[in-house]
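What follows is a set of notes on a single structure, which appears directly below.
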Amino acid sequence: LIFLFPCGQLLFSLFPTTPPSQGRPDSPVYANLQELKISQSALPPLPTSAPVQINGEWETHKDTTGRCYYYNRGSQERTWKPPRWARDASINKGDSQSHADHEYNASPQQQRDIIKSRSLDRRLQEPIVLTKWRHSTIVLDTNDKESSSSSKASFPENESSPSSPKHQATGQEKYGLLNVTKITENGKKVRKNWMSSWAVLQGSSLLFTKTQGSGTGWFGVNQSKPEFTVDLKGALIDWASKDKSSKKNVIELKTRQGTELLIQSDNDSFINEWYKVLNYTINNQVVESDEALEDEVPDSPGVEKQDKEKENKDSKKLRSVKIPSNIDATDQKKTKTKLKKFLTRRPTLQAVREKGYIKDQVFGSNLTSLCQRENSTVPKFVKLCIEHVEEHGLDVDGLYRVSGNLAVIQKLRFAVNHDEKLDLNDSKWEDIHVITGALKMFFRELPEPLFTYNHFNDFVNAIKQEPRQRVNAVKDLIKQLPKPNQDTMQVLFRHLKRVVENGEKNRMTYQSVAIVFGPTLLKPEKETGNIAVHTVYQNQIVELILLELNAVFGR
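According to mature numbering (1 follows the signal peptide of the UniProt record, and there is no 0), the sequence shown holds residues -23 to -1, 1 to 532 in order.
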């Protein structure tokens, strides 16, 4: 047996030469023990030859027996044990190159010795610093696995951890579970779809994600990607009115990009905290530099005379300056930044509409707002379609049940939205199913259905009552709706009644009309798993009103 010690020291274990039949001896015989009896208290000799290895101030040498020892050039300290070397960043490239050349030109035996000495070299590794949190630092020592696995974030004494209540109350960083929905995006109205989201306020950005992840803050290890992000710079915040949502504790947030959000929570104190923090964040944004502000576009088409003069002067200055052909990366970045601000500072479609420069569209408009704009309680388009159908289409088979050509319906929708002169007797609209399809699309695209969201459950409960009580219950609920909803509903249902009365020609019954219009006129604000049950109630409510039309609306 051969025992290998550091720096090439060998310990031999010799067995007496015996025949195989006699078996192994009871005890081995050891040689070269005298060479190993080196006093640990004796210092190594002073170096007399070139070092085998250099690391900072420490040199690795060998004595006459081939044993490694270590010598410090600065303190002249000598030791048999390998020191705990620190990584010296001051070693220049010349030393590293000469050391590499020394290793390359060494003999095979010297190279083996160098590799052995390196294996015993326990260098102190530089710590790994993780700076995930704004006010925390995690230090991991690569030489200590236990300490690295149990390391925790260390926070300053005057700061709290990101998950503490104190930390999230700072106005610039907050998080929690909120109900959120978009009602406009980039100036275009979208259908409301309430969802529960984990919201995180970071500086001037409000982020929403479906899941909270493993961490209480945004930087959790398993934190999912944000669903969408809202820039609060230049945003407007207010409590939402009832025509925006029937829910309580709803915040309305409008961004300068034309996105409008509704944020809601059933907890009064919680939503009030969010309102205060968002309002504080919006009103305390850092003011941009004058150079950036000069490049901004005014928020409205009307610019004052002074602003125009200043704009003309600035444009003349820009034209007089010669732009060098070799624009460096910094100038290109500045140009991109200015161009981005130029584009984002344009007035949004919603802002221009609010100032009255652009008229709202007919399809997708709020019913009350549309009627106020037209100075009526029933939209003109609804009356126009009903009059045309009653004049030309009551005897058409499958009226309202058969779908029209969607491409032609979209053309009609476009013409109505752009305030074009509309003549339904034009040959373009000769198919009666195009007219009925456009009318159904109008009611389907209302931001809030004809039977408003806040009364949906009331109408469902009314249809569940005894047959004698249903009519009065539904009648009382209809009286609670806004005036445009009541009048539009009465005009529509009287028209549908006449459609059913011509059922021998068009083969439309009370039940078939209720199936077509039930889900369009009456639906819950948030879809649940009871879609099939809701559909039954929706159809029954519409059918009941058609059957008891005179009792509900009077003669």
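Built from N, CA and C at the ideal position, the CB exists for glycine as well.
Nearest to L230 by alpha-carbon distance, out of F436, T158, K398, V385, is T158. Counting only the Cα atoms, E250 lies some 12 Å from E150.
Selection K317, N527, V339, P496 evaluated against L399 yields V339 as nearest (Cα-Cα).
Selection R168, P203, T161 evaluated against L178 yields P203 as nearest (Cα-Cα). Only residues of its own chain outside the window of five on either side were considered, and among them W175, S201, P203, E204 have a CB closer than 6 Å to the CB of T186, listed in chain order.
In the three-state DSSP reduction, R322 falls in the coil class, being neither helix nor strand. The Cβ atoms of V451 and L521 lie closer than 8 Å to each other.
In this model, T354 and E237 are separated by some 27 Å (Cα to Cα). Counting of Cβ neighbours within 10 angstroms places R390 among the buried residues, the total reaching 16 or more.
The beta carbon of R55 is closer than 6 Å to those of L20, P21, Y48 in its chain, skipping five residues each way along the sequence. When the five nearest sequence neighbours on each side are left out, no beta carbon in the same chain lies closer than 7 Å to the beta carbon of E407.
In the DSSP assignment, A528 falls within the alpha helix (DSSP H) that extends over 526 to 530.
With respect to the C-alpha of K503, the residue from T321, V513, Y46, S173 having the closest C-alpha is S173.
Per the coordinates, the alpha-carbon of F419 lies some 7 Å from the alpha-carbon of G341. Beta bridge pairing from DSSP links G153 with A176.
About 7 Å separates the beta carbons of Y377 and M485, which is inside the 8 Å limit, making them a contact pair. Secondary structure note for N49: its beta strand (DSSP E) is the uninterrupted segment 45 to 49.
Across the structure, A306 and A217 are spaced so that their CA atoms are roughly 46 Å apart. Cβ contact annotation for C362 (same chain, cutoff 7 Å, sequence separation greater than five): I412, A415, L416, in chain order.
A straight-line Cα-Cα distance of about 51 Å links T512 and L316. For Y46, the closest of G180, V359, T325, L23 by C-alpha to C-alpha distance is L23. The beta carbons of L155 and I240 sit closer together than 8 Å. The Cβ atoms of R475 and E368 lie no closer than 8 Å to each other.
About 28 Å separates the Cβ atoms of Q517 and I409, ruling out a contact at the 8 Å cut-off.
With fewer than 16 other CB atoms across the displayed protein chains lying within 10 angstroms of its CB, S380 is exposed.
Annotated as proximal: T161 and G235, with beta-carbon spacing under 8 Å. Taking a 10 Å sphere around the C-beta of H38, we find 16 or more other C-beta atoms and assign the residue as buried. Taking a 10 Å sphere around the C-beta of K225, we find fewer than 16 other C-beta atoms and assign the residue as exposed. With a cutoff of 8 Å on beta-carbon distance, F494 and L473 are scored as near each other.
Looking from the CA of F247, the closest CA among I228, T232, I259, T258 belongs to I228. Annotated three-state conformation of Q457 is coil, per DSSP. Judged by DSSP in its simplified three-state form, V227 adopts strand. In this chain, the beta strand (DSSP E) harbouring W216 covers 213 to 216.
Closest in alpha carbon position to R322, among D208, G33, I31, E34, is D208. In the structure shown, the three-state DSSP call for F340 is coil. Judged by DSSP secondary structure, H369 falls within the alpha helix (DSSP H) whose first and last residues are 357 to 369.
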